[in-house]
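What follows is a set of notes on a single structure, which appears directly below.
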Amino acid sequence: VATDHNADNTSAVLREWLVAVKSLYHSVEWRPAEEPRSYPDEEGPKHWSDARYEHVMKLRQAALKAARDMWADYILFVDADNLLVNPDTLRLLIAENKTVVAPMLDSRAAYSNFWCGMTSQGYYKRTPAYIPIRKRERQGCFAVPMVHSTFLVDLRKAASRNLAFYPPHPDYTWSFDDIIVFAFSCKQAEVQMYVCNKEVYGFLPVPLRAHSSLQDEAESFLHVQLEVMVKHPPVETSRFIPAPTRTPDKMGFDEVFMINLRRRQDRRARMLRALWEQEIEARLVEAVDGKAMNSTQVQALGIQMLPGYRDPYHGRPLTKGELGCFLSHYRVWTEIAERGLQKSLVFEDDLRFEIFFKRRLMNLMQDVERERLDWDLIYVGRKRMQVERPEKAVPRVRNLVEADYSYWTLAYAVSLRGARKLLAARPLARMLPVDEFLPVMFDKHPV
């Protein structure tokens, strides 16, 4: 376990973990280096300088040599910020019987841990083959010119003896980059790299720019954890190290609401965990279950459907699910008005957070306050329906436009005045889906 060039307490955390788990391993080597804390030629903590590349190549080579010296059958390389969620990953890779094979890792974008094309100078090359593999439209194990970040090397194969991370091959003239150096080594040794996408194996972050900060990296890694939780259980911190502290807040809002149906406990658990991880304090609002309502209950609330309403895209009347959704939001608007909350944030339980969500939203609201913007409602999560012409940007407020016709109410900020306007429209007497009602209120509905 080698750790170096740290500006935080990485060494201490690793040491505490290692003391607790070392008995589970056949052999453990501990190689910490507290100094130096940075590379002499780096521009920032995320800048990959030549000195950093060389150091990483030497560490990988040392690991490869150590595995060979102990006659290990395999060596698995996993970058520290890669999250493997499939417990069968190692067994599945071994079963492929390849010299070098990687599990395809997912990310928030098209990025993954393999290339389908490489130029004659060793740089990344876009090819038509990449996206179908990345999206799992084609499934299997594919020969590729590059795998990186997480991959298995079968040391039993004779061809693996010629593989090396450092020093680069004598004929190497490409960019000084550890993954390209190793790919060239495989090419010269006539070892074909493979990537497998038959299952979901894990996730990795999209690389940050060189000028990014350690805080950027921490938030990027947090977003990987949030993406895991969309379809998988959360990746838990090892029980052998202290749990990270969390201090949730309301991001400057008077209240943060999270609407959830009691019968959707899966969504509730995911959203509450996602909010906690981002240190967002939210109040759970029990959603109205429209499917459980009968006509008597609907009439008792004074609800009347808008005569002749048909969904503009599907041609159907209002569904019970849409009825319950509207009433859930209506309940929130009523509470905002009754409590006199100046600004509130409303979440539904089926959204996916973008990277740097909390920071970006807080910066946006600070810009809104600075410009003394007169606002009623700000969509935070929506589906833009009018895409033929650009929306008008709000002057001096980054990432804010005057919304055109939009669907969905995944997340939005609403002012006290905005909530009062929504209630004053007496929407229960002319019921619409909530994501049709809002565009009517700001006069952007196409019908």
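So for the sequence shown, the numbering used here puts the first residue at 16; every next one is plus one.
For glycine and all other residues, C-beta sits at the position ideal for the given N, C-alpha and C.
Please read these numbers as outputs of a predicted model, since none were measured by experiment.
Where the alpha helix (DSSP H) through residue i begins and ends
i	result
residue 310	310 to 315
residue 296	Careful: residue 296 lies outside any alpha helix (DSSP H) and carries neither H nor E.
residue 76	65 to 84
residue 149	145 to 149
Simplified DSSP assignment, three categories, for residue i
i	result
residue 177	helix
residue 404	coil
residue 446	strand
residue 264	strand
residue 245	helix
residue 54	coil
residue 40	coil
residue 320	strand
residue 25	helix
residue 278	coil
residue 60	coil
residue 284	helix
residue 225	coil
residue 16	coil
residue 416	strand
residue 435	helix
residue 141	coil
residue 13	Any answer about residue 13 is impossible in this case: the structure gives the chain only from 16 up to 462.
residue 47	strand
Run of the beta strand (DSSP E) containing residue i, from where it starts to where it stops
i	result
residue 428	421 to 430
residue 275	270 to 275
residue 93	89 to 93
Of the listed residues the options, nearest to residue i (C-alpha basis)
i	options	result
residue 57	87, 227, 305 and 32	227
residue 117	167, 65, 79 and 150	167
residue 109	170, 320 and 151	170
residue 111	84, 42 and 155	155
residue 335	381, 162, 344 and 307	307
residue 438	372, 269 and 353	353
residue 395	409, 194, 385 and 418	418
residue 389	374, 409 and 370	409
residue 43	50, 49, 51 and 34	34
residue 275	245, 298, 45 and 77	298
residue 64	225, 115 and 435	225
residue 114	176, 420 and 384	176
Per-residue burial, residue i [other beta carbons within 10 Å of its own, 16 or more giving buried]
i	result
residue 212	buried
residue 251	exposed
residue 433	buried
residue 348	buried
residue 271	buried
residue 206	buried
residue 257	exposed
residue 192	buried
residue 149	buried
Next on the checklist: Which runs of the alpha helix (DSSP H) at least 4 residues long sit entirely within the region 101 to 131? Give them in chain order.
Outcome noted: 104 to 110
Checklist entry - In chain order, which continuous runs of the alpha helix (DSSP H) of length 4 or greater are located wholly inside the region 155 to 222? => result 193 to 203
Checklist entry - Whole beta strand (DSSP E) runs in the region 331 to 405 with 3 or more residues, listed along the chain? => result 358 to 363 and 392 to 399
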